[in-house]
Amino acid sequence: MEFLSINPYTGETLAALPEHEDRHVERALGRAATMARIWREGGLAPRAALLHAVARLLRERQGAYATLIAQEMGKPIREARHEVLKCAWVCEHYAEHGAAWLADEPVATDAPDSRVVYEPLGTILGIMPWNFPFWQVLRAAAPILMAGNTFLLKHASNVPQCALALEALFRDAGAPEGTFQTLLVRASRMEAVIEDDRVHGVTLTGSETVGRLVGAIAGRALKPIVTELGGSDAFLVLEDADLDFTLKHAVDARLHNAGQSCISAKRFIVHASLAEAFAEGLAERIAALKHGDPLHEDTDLGPLARADLRDEVLGQVQASLREGASLRLGGVAIQGTHAAMHPTLLTDVSPGMTAFDQEIFGPVASITVAQDDMHALQLANTSRFGLGGSVWTRDVARGEALARAMECGAVFVNATVRSDPRLPFGGIKTSGVGRELGV
């Protein structure tokens, strides 16, 4: 099997990389296990030094890495550069604060001395997605390495060049052999890797379906797992919201990375008094976005990461229209591109429709009308997902009260949902198990 790197805007095959054979995987597991014993005993200073070195290289190579991201999965170059800088930040953050967070915690008990001590687990397997091909990996790897573990990466099959670039990044930063390694292997071979006694835990960012499969394997092997899965975040617009301010953020909340984000605002739940003005304003702002080659500086919206993903999203749009939604904008592929589609706005969306019940992983915004705060909250919580959400209102106390009642892992008031190394990140319901980032 070969892993194909395909430019999703042009359809050009950029590279064809061979799958790693069993003997390569065996060597990687052996190196990781050997290094795990050394890395845990080496102290905190070498770990912090490695992360600082990785951060420096990320900043120095920002342009090259951003170009690779744009070419391989279609992210607009400006967004790709920001992703690389955020990766440097997370490395620096854990390098600077890790020692304090990993310090022993004395606990008063009847014993002469009681304390909580944080020890490494060993080797952690990271199964990572294509949508943020550097950030998703480094937000997991930075704290895992700082805590004294080694890291094995199984990246998405359509970003093999990013996967190998990340391995080279750590090697160039001076990481000892076995500290960070990439496995180019198909998904069907991962069960054996997860079950291997030299793997001590799993972190996964991916779909609900993959999360259930990997979780079952890890569970049978009695190995800890953290999962960040799908999301269908609610974006609640109350009747006192600042409309211009809210619309400005709504566009980015839904269409950043062409809507290919677990935490994008997939369900706009808008008070009836603002619904038409919000729909009109959102349509105008979406229509003004420039779609094009992700390598061009003036491109606002790139293609989806693969043609089959674009076709799946278009199918969900058509299903929603058959179910009674109205098409305000878009809904079709962009001719002359490999995997692009026009950004789409659906109105008259209600529970039971595809656009409301499913996660649409692409540039599709949907609007559902709410009659009051409690109706908006009910609609927001009518979802099997529970990753993030936001509330938009001039009354912050009112927004915070609603935020506390929303069934999701993180809620923002008058701000878009985003991950931040200083805060725990993760979901509830079918959006995942456990937390990343934070302390």
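For the sequence shown, the working numbering begins at 622 and goes up steadily by one.
For each residue, glycine too, the CB sits at the ideal point set by N, CA and C.
Here the structure is a predicted model, which means the values were calculated and not measured.
Item to check | Boundaries (first-last residue) of the alpha helix (DSSP H) holding residue 710 | outcome: 698-722
Item to check | residue 1032 vs residue 1010 beta-carbon contact at 7 Å | outcome: yes
Item to check | For residue 1013, the three-state DSSP class (helix, strand or coil) | outcome: strand
Item to check | Distance between residue 871 and residue 926 (C-alpha atoms, nearest Å) | outcome: 22 Å
Checklist entry - Can you give, in chain order, each stretch of the beta strand (DSSP E) that sits fully within the stretch 928-999 and has at least 3 residues? => result 947-950, 965-968, 985-991
Checklist entry - Buried or exposed: where does residue 884 fall if 16 or more other Cβ atoms within 10 Å of its Cβ makes it buried? => result buried
Checklist entry - For the candidate residues 902, 991, 856, whose alpha-carbon lies nearest to that of residue 1079? => result Nothing can be reported for residue 1079, as the shown portion of the chain is limited to 622 through 1060.
Next on the checklist: With the cut-off set at 7 Å, would you say residue 832 and residue 843 are in Cβ contact?
Outcome noted: no
Item to check | Residue span of the beta strand (DSSP E) that contains residue 637, given as start and end | outcome: 634-639
Item to check | Rounded C-alpha distance that separates residue 946 from residue 974 | outcome: 8 Å
Checklist entry - Considering only the beta carbon of each residue, do residue 624 and residue 778 sit closer than 7 Å? => result yes
Checklist entry - Which two residues bound the contiguous alpha helix (DSSP H) that contains residue 901? => result 896-908
Checklist entry - Can residue 765 and residue 772 be called in contact, C-beta distance under 7 Å? => result yes
Checklist entry - Assuming residue 725 contacts residue 737 under a Cβ cut-off of 8 Å, what Cβ separation, rounded to an integer in Å, is found between them? => result 7 Å
Checklist entry - Does the distance from the C-beta atom of residue 800 to that of residue 656 stay below 7 Å? => result yes
Item to check | Where residue 771 falls: helix, strand or coil (DSSP) | outcome: strand
Checklist entry - So, do the stretch 983-993 and the stretch 959-967 have three or more beta carbon pairs nearer to each other than 8 Å? => result yes
Item to check | Bridge-paired residues (DSSP) for residue 802 | outcome: 773
Item to check | Validate contact between the stretch 806-817 and the stretch 685-698 using beta carbons, cut 8 Å, 3 pairs | outcome: no
Item to check | Pairwise C-alpha distance: residue 1003 and residue 1049 | outcome: 13 Å
Item to check | Inter-residue Cα distance where the pair is residue 848 and residue 834 | outcome: 11 Å
Next on the checklist: Using CA atoms only, rank isn't needed, just tell me which of 1028, 622, 720, 823 is closest to residue 1005.
Outcome noted: 1028
Item to check | DSSP beta-bridge partners of residue 727 | outcome: 736
Item to check | Exposure label - residue 739; buried when at least 16 CB within 10 Å | outcome: exposed
Checklist entry - Which residues in the same chain have their Cβ closer than 7 Å to the Cβ of residue 742, if we skip the five residues on either side of it in sequence? => result 770, 821, 822
Checklist entry - When you compare each of 717, 659, 894 to residue 763 by their alpha carbons, which one comes out closest? => result 717
Item to check | Minimum C-alpha distance to residue 930 - residue among 962, 761, 887 | outcome: 962
Next on the checklist: Out of 631, 677, 1043, which one is the CA nearest neighbour of residue 790?
Outcome noted: 677
Checklist entry - CA-CA distance, residue 972 and residue 991? => result 12 Å
Checklist entry - Can you list, in chain order, the residues of its chain whose CB lies under 6 Å from that of residue 751, leaving out five sequence neighbours each side? => result 694, 777, 779, 780, 926
Checklist entry - Taking the runs of the alpha helix (DSSP H) that are 4 residues or longer, which of them lie wholly in the stretch 822-863? => result 829-841
Checklist entry - When DSSP labels each residue in this structure, what does residue 626 get in the three-state scheme? => result strand
Next on the checklist: Please return the same chain residues whose Cβ sits closer than 7 Å to the Cβ of residue 819, not counting the five positions on each side in sequence.
Outcome noted: 650, 653, 654, 744
Checklist entry - If you count every other CB in all the chains shown that lies within 10 Å of the CB of residue 707, and 16 or more means buried, which is it? => result buried
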